[in-house]
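>
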Amino acid sequence: MKKIFLFSVIALFLSAMGSCEKDECKKNIKESELGVRNFSYTQPKQYVSNAIHIIEKEYLELKVKGHFLSIRHINSALNSCPKQISVTSKLSNDTIYINETQSKECLRIGNYDLRYEVGKLDYRKYHIVLTKFNSSFPITVFKLDFNANTNKIVNINPQKAVIVYTGKPNKDGCDYLIKIDETFYKPTFLPLEFCYQNLKVKLQYQLLKKKWTCKKDRKTYTQIDILKIEEDVDNYPIYEHIGTIIDKGDPSLDGCGYFIKINKVLYKPINLPKEYCHKGLKVKVKVKYNILQKKGFNCHWDIKKYNQIKIIKITKQ
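Going from the sequence shown to this note's numbering is simple: count from 1 and add 4.
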């Protein structure tokens, strides 16, 4: 269970310094605010008004700049206006706490590339705890040997979860809940295509202070804002076929976007690279893919429902 593991890791890190009485421990803990300098960000390629459906690879690039740790956080999902994003950091003994946050929530979400430097730091080994929105739940915890040659990439993996449907809230249920480890949460918004019983997903989320009470059983659930969500295809069959990319028109006008025709069946890809999108042209490709289990794609301009696929690898023929 990832969440419990993260807390256990932090506890082990701090307890490894030795046992002591409560008052004595307080005296031994040395805390100090760290400077954050040269903060900048790259504008997201697109904003959405709800959760980002495709989880782009998220990772940290860590380098040394004198006695500052240079951090480049790629694809950090933030539901914030750009000018209101900020980063704070503090040092507690050998643990560096970094928090990426916002001063005010916005209705849009985007994947930001953040750059900043944290320091000054002595050359030695540290534990890094990265959080968002001042949450108690870290998005990653790792060890770092900080020295003149520091050059490291740390991948940030999304949390696995299950969508659970409990029935209509105005009748006998609590609507859709999200089960993470053994705990149920109430999402403030769940995209329609993920409203599917027992659907396994990967997500990143913000834990809220707000509670939601189900009318059926009067149970109270903690609410979450979903930042990123995608179907968990880790154990799905992998297919490989020759297909043809077909342009079915601009979705903002009177079309349905790009499809891949495989064995006379049209599939809607959720992650077709832009270099394979050629307006009005048919492109022959070899594609390795998973067929998704979530609700099919509905085009606004026809009544058909199309199965969606996630591309693993694609090449032109």
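Backbone N, C-alpha and C fix where the C-beta goes; we use that ideal spot for every residue, glycine too.
Taking just the CA atoms, how far does I230 sit from P195?
Looking up residue 195 in the sequence shown gives position 191. Looking up residue 230 in the sequence shown gives position 226. Near 9 Å, if we compare the C-alpha coordinates of I230 and P195.
> Check whether the segment 211-223 touches the segment 246-257, taking contact to mean three or more Cβ pairs, one atom from each stretch, closer than 8 Å.
Contact fails: fewer than three Cβ-Cβ distances are below 8 Å.
> Under three-state DSSP, which class holds Y262?
Counted from its first residue, the sequence shown places residue 262 at position 258. Y262 falls in the strand class under three-state DSSP.
> Helix, strand or coil: how does DSSP classify L66 here?
The residue labelled residue 66 in the question sits at position 62 within the sequence shown. Looking at L66 - three-state DSSP - the assignment turns out to be strand.
> Does Y209 come out as helix, strand or coil in the three-state DSSP assignment?
In the sequence shown, residue 209 corresponds to position 205, counting from 1. Y209 falls in the strand class under three-state DSSP.
> Beta-carbon separation of T92 and N103 under 9 Å?
Your numbering for residue 92 matches position 88 in the sequence shown. Your numbering for residue 103 matches position 99 in the sequence shown. Closer than 9 Å, so yes.
> Please state the DSSP three-state secondary structure of L231.
For this step, residue 231 is matched to residue 227 along the sequence shown. Three-state DSSP puts L231 in a strand.
> Is N115 near A81, with beta carbons less than 9 Å apart?
Translated into positions along the sequence shown, residue 115 becomes position 111. Translated into positions along the sequence shown, residue 81 becomes position 77. Going by C-beta atoms, N115 is nearer than 9 Å to A81.
> May I ask you to report which of helix, strand or coil DSSP gives L196?
Looking up residue 196 in the sequence shown gives position 192. Reduced to three states, the DSSP call for L196 is helix.
> If I measure Cβ to Cβ from N153 and keep anything under 8 Å in the same chain, skipping five residues before and after, which residues do I get?
Residue numbering aside, residue 153 sits at position 149 when the sequence shown is read from its first letter. Here the set comprises V68.
> Pick from T248, I318, I307 and V291: whose alpha carbon is nearest that of L285?
To locate residue 285, count along the sequence shown from 1; it is residue 281. L285 has its Cα closest to that of T248, out of T248, I318, I307 and V291.
> Would you call the CB atoms of N202 and I246 closer than 9 Å?
Looking up residue 202 in the sequence shown gives position 198. Looking up residue 246 in the sequence shown gives position 242. Cβ distance not < 9 Å, so N202 and I246 don't count as in contact.
> May I have a chain-ordered list of the beta strand (DSSP E) segments no shorter than 3 residues that lie completely inside the segment 105-147?
Whole beta strand (DSSP E) segments, 3+ residues: 109-123 and 128-136.
> Confirm, please, whether the CB-CB distance from V291 to I266 is below 9 Å.
By one-based count along the sequence shown, residue 266 stands at place 262. By one-based count along the sequence shown, residue 291 stands at place 287. Taking 9 Å as the Cβ cut-off, I266 and V291 qualify as a contacting pair.
> Straight-line CA distance for L38 to I100?
Numbered from 1 along the sequence shown, position 34 holds the residue referred to as residue 38. Numbered from 1 along the sequence shown, position 96 holds the residue referred to as residue 100. Taking the straight line joining both Cα atoms gives about 9 Å.
> Quick check: the Cα distance between F188 and N294, rounded to an integer number of angstroms?
Within the sequence shown, numbered from 1, the residue matching residue 188 stands at position 184. Within the sequence shown, numbered from 1, the residue matching residue 294 stands at position 290. When rounded, the distance between both Cα atoms is 28 Å.
> Of the choices S139, D176, F301 and S44, whose alpha-carbon is the least far from that of G261?
By 1-based counting over the sequence shown, the position of residue 261 is 257. Ranking the options by Cα distance to G261, first place goes to F301.
> Please state the DSSP three-state secondary structure of E279.
In the sequence shown, counting from the first residue as 1, residue 279 sits at position 275. It is helical.
> Taking the beta strand (DSSP E) that E244 belongs to, which residues open and close that run?
For the purposes of this step, residue 244 is taken as the residue at position 240 of the sequence shown. E244 -> beta strand (DSSP E) spans Y243 to D251.
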